[in-house]
Amino acid sequence: MPASAPVSLKRISLSLGIVCLLFSACRAPEPDRPNILFLFADDQRADTIGAWGNAGVSTPNIDQLAREGFSFLANYNMGGNSGAVCIPSRAMVNSGKAYFRVQHDLNDTVLLPELLGAHGYTTFATGKWHNGPSSWLRAFQRGKAVFFGGMSDHTRVPLQDLAPDGTLINDREEGFSSEVFADAVIEFLRTYSEDAPFYAYVAFTAPHDPRQPPMPYREMYYENLPPLPLNFLPHHPFEIGDMQVRDEQLASWPRTPALIRDQIAEYYGLISHLDTQVGRILKALEEAGHAENTYVIYAADHGLAVGSHGLLGKQSVYEHSQRSPLIITGPKIPHGSSVALTYLFDLFPTISALANIPSPIDLDGLNLSGLWTGEQEKIRDSLFLAYTDVARAVRDNRYKLIRYPQINRTQLFDLQDDPDEMQNLVNDSSHSKRVEELTTLLVEWQQRVGDTQSLVTESIDTGTLNIDKLERSPDRWQPPWIIQKYF
478 MPASAPVSLK RISLSLGIVC LLFSACRAPE PDRPNILFLF ADDQRADTIG AWGNAGVSTP
538 NIDQLAREGF SFLANYNMGG NSGAVCIPSR AMVNSGKAYF RVQHDLNDTV LLPELLGAHG
598 YTTFATGKWH NGPSSWLRAF QRGKAVFFGG MSDHTRVPLQ DLAPDGTLIN DREEGFSSEV
658 FADAVIEFLR TYSEDAPFYA YVAFTAPHDP RQPPMPYREM YYENLPPLPL NFLPHHPFEI
718 GDMQVRDEQL ASWPRTPALI RDQIAEYYGL ISHLDTQVGR ILKALEEAGH AENTYVIYAA
778 DHGLAVGSHG LLGKQSVYEH SQRSPLIITG PKIPHGSSVA LTYLFDLFPT ISALANIPSP
838 IDLDGLNLSG LWTGEQEKIR DSLFLAYTDV ARAVRDNRYK LIRYPQINRT QLFDLQDDPD
898 EMQNLVNDSS HSKRVEELTT LLVEWQQRVG DTQSLVTESI DTGTLNIDKL ERSPDRWQPP
958 WIIQKYF
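Quick note: the sequence shown uses the working numbering, first residue 478, plus one each step.
Written as structure tokens, this is what we have:
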């Protein structure tokens, strides 16, 4: 659909009727219902938060959320079926369903904001929605500066607003993405005076590339370049299956320390600039008088390699790519943290519980509240991860098994002793039984979520990587200075 084509929203819709039937009669909002502000970053590694132990990145406002709220330190995106891992991640968050059980356009499921709206919430959104306009229009009653694409130059993101008649209008490109999205929700917070509680969804496009922070934030890390990740490699030791995906073409092979440190500096610059916008939003929330009755959720759709294991993107099942930040603050949320295994799609039942609204019965997500109340130490014993037909993984509270079906390779990591996943233990005879047990668990997870990918192949391809045969070219979103510097 062309960006300029208006899309109509029928306010009295079939989907709303379905929601009401699913969740009992639609009822008027209760005065004690909390507001919910969901701040959602794009491509942010879990280890890029100062309060979570990274002294090399400046994130004072996200740190404030961590100091005041509850941090989920083992939070994951389940995976993706293309290089655009953010599409299924966002589909899972908004549907509460696992990777294999939800369509990316979200037209076959009830969405979290749709549910909240049916129970009296005013729903507002700004920023990235990578799952199609029709589902967005079904889910949100208000919206400004909405981006329906996957990525863009941060200085010219294609934006639209929601008009009162339910059409998308004001096609434009303006400002810097994080600032534009912050401005939109700040305006909403400052002018909101209704009795109904609100759900505000703020989906940033940072720190997704192009890694082009505004100049002051670009320069703040150049003078003292961040260190390399401990698991830096010049290139991945074998063909992981997607070595020429767009993300991987952002730097040449072999990766050099100087090049990767520069890219991390620019990545951190985007994160710090995003953090500044988070601070502006939190200040507006306070000044508008909403803070005491608002839950603030900070999360990201997944992580990013940026040099780890010789990779740049998120197209793997390593920790750096599928683990993501998650922090919840608000009324009666204690300061603390948990290493319990959680998924991003656990947010659906968690948010609906915070809003005192029953969740649909067919969700895969689990309510996280028992972790911060102390009623539960864990909500699941293991996690399953997947990326296209390239990789499958399962992890428990200590060990992680990764299987590459197309090349008959397996990795086993002790995440307690080797959190950077550098020592493959699969050929260590002392771990033979563990490999067998985790492989069985992996198959059980596949059956549970409906994954039909075979874990074995007759292929003789061993995944040998020849970096001399890899080709690269800049995509259309990279600004001239990045093309000149890295291409």
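Backbone N, C-alpha and C fix where the C-beta goes; we use that ideal spot for every residue, glycine too.
State buried or exposed for residue i, treating a residue as buried only when at least 16 other CB atoms are found within 10 Å of its CB.
i	result
Asn-943	exposed
Lys-910	exposed
His-750	buried
His-812	exposed
Glu-650	exposed
Ser-535	buried
Met-555	buried
Pro-826	buried
Ile-959	buried
Pro-479	With a pLDDT of 35 at Pro-479, under the threshold of 50, the modelled position of this residue cannot be trusted, and the question is left open.
Ser-798	buried
Trp-954	buried
Leu-707	exposed
Asp-905	exposed
Gln-782	Per the sequence shown, the amino acid found at residue 782 is Ala instead of Gln. Buried: at least 16 other Cβ atoms inside 10 Å.
Ile-828	buried
Using only alpha-carbon positions, find the residue among the options that is nearest to residue i.
i	options	result
Asn-871	Gln-923, Gly-609 and His-786	According to the sequence displayed, residue 871 carries Val and not Asn. Of the candidates Gln-923, Gly-609 and His-786, the one whose C-alpha sits nearest the C-alpha of Val-871 is Gln-923.
Thr-939	Asn-833, Leu-902 and Tyr-881	Tyr-881
Tyr-576	Asn-584, Asn-558, Leu-593 and Thr-586	Asn-558
Ala-518	Ser-836, Ser-931 and Ile-774	Ile-774
Gly-620	Tyr-876, Phe-658 and Thr-682	Phe-658
Phe-715	Asn-885, Ala-673 and Thr-917	Asn-885
Pro-734	Ala-622, Glu-656, His-786 and Gln-689	His-786
Gly-626	Arg-615, Lys-946, Gly-851 and Pro-610	Pro-610
Glu-764	Phe-665, Asp-719 and Lys-809	Phe-665
Glu-656	Val-634, Gly-643, Leu-645 and Glu-671	Val-634
Val-662	Leu-516, Glu-852 and Thr-865	Leu-516
Val-562	Glu-935, Asp-752 and His-581	His-581
Asp-895	Asp-739, Leu-824 and Glu-796	Glu-796
Thr-819	Ile-828, Leu-803 and Gly-851	Leu-803
Phe-549	Ser-836, Glu-898, Ala-817 and Ala-863	Ala-817
Thr-525	Arg-615, Val-920, Leu-705 and Trp-606	Leu-705
Asn-874	Gly-533, Gln-541 and Asn-552	Asn-552
Anyone know if the C-beta pair for residue i and residue j falls short of 8 Å?
i	j	result
Pro-590	Thr-603	no
Lys-791	Gly-784	no
Ser-846	Ala-830	yes
Phe-653	Thr-668	no
Ala-528	Arg-544	yes
Val-679	Ile-539	no
Asn-584	Ser-612	yes
Lys-877	Phe-890	yes
Ala-742	Tyr-676	no
Arg-857	Leu-843	yes
Leu-588	Ser-566	no
Leu-736	Pro-684	no
Gln-883	Val-867	yes
Leu-759	Tyr-963	no
Arg-738	Pro-703	yes
Leu-824	Lys-574	no
Can you tell me which of the three DSSP states residue i falls into?
i	result
Arg-504	Here Arg-504 scores only 44 on pLDDT, less than 50, and its place in the model should not be relied on; the value that follows carries that caveat. Looking at Arg-504 - three-state DSSP - the assignment turns out to be coil, as it is neither helix nor strand.
Arg-869	strand
Phe-653	coil
Ser-559	coil
Asp-724	helix
Arg-667	helix
Gln-637	strand
Ile-982	Outside the displayed span of the chain (478 to 964) sits residue 982, for which this structure offers no information.
Thr-939	coil
Gln-618	coil
Asn-538	helix
Gly-813	strand
Ser-907	helix
Thr-916	helix
Glu-898	coil
Val-926	helix
Ser-793	coil
Tyr-598	coil
For the putative contact between residue i and residue j, defined by C-beta atoms under 8 Å, what is the C-beta separation to the nearest angstrom?
i	j	result
Asn-608	Ile-564	7 Å
Asn-901	Gln-888	5 Å
Leu-821	Val-579	Not really, about 12 Å apart at Cβ, beyond 8 Å.
Leu-636	Ala-832	Leu-636 to Ala-832, Cβ: 28 Å. No contact.
Ser-801	Gln-521	7 Å
Pro-731	Pro-711	3 Å
Ile-805	Phe-547	5 Å
Gly-560	Arg-723	6 Å
Gln-930	Arg-869	6 Å
Would you verify that the beta carbon of residue i is, or is not, closer than 8 Å to some beta carbon of chain D?
i	result
Tyr-745	In the displayed structure, chain D is absent; only one protein chain is listed.
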